[in-house]
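Take a look at the structure set out below.
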Ligand SMILES: [Zn+2]
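In my numbering, the protein residues as written are 30 to 113.
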């Protein structure tokens, strides 16, 4: 079994130590970044690595439990996270 610390390390490494939402590098912010659930557990998301993102505190708090946003002038909701 993989510990949460190892999972967090892997997520951080995969993200290149950048927030996966705003792309800010962790070295530019004093606060520790978070391992964030792309699809929140409250919506059925898992803690498997493919559902985790490295996020600065600001992005993580603004995203909260949302997975998509409605943009003005766009008929369809847009996903907040799109891993290419
Ligand atoms: Zn961010």
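C-beta atoms are modelled at their ideal positions from N, C-alpha and C, and glycine is treated no differently.
- DSSP places residue 77 in no beta strand (DSSP E); its state is neither H nor E.
- Secondary structure at residue 65: strand, using DSSP grouped into helix, strand and coil.
- In the DSSP assignment, residue 84 falls within the beta strand (DSSP E) that extends over 81-84.
- Assignment of residue 100 by DSSP, reduced to helix, strand and coil, places it in the coil class.
- Under the DSSP assignment, residue 43 falls in the alpha helix (DSSP H) whose first and last residues are 33-43.
- Residues of the same chain with a CB within less than 7 angstroms of the CB of residue 78, apart from the 5 flanking positions on each side, are 36, 39, 40 in chain order.
- With a beta-carbon spacing of about 15 angstroms, residue 82 and residue 97 fall beyond the 8 angstroms limit used to define contacts.
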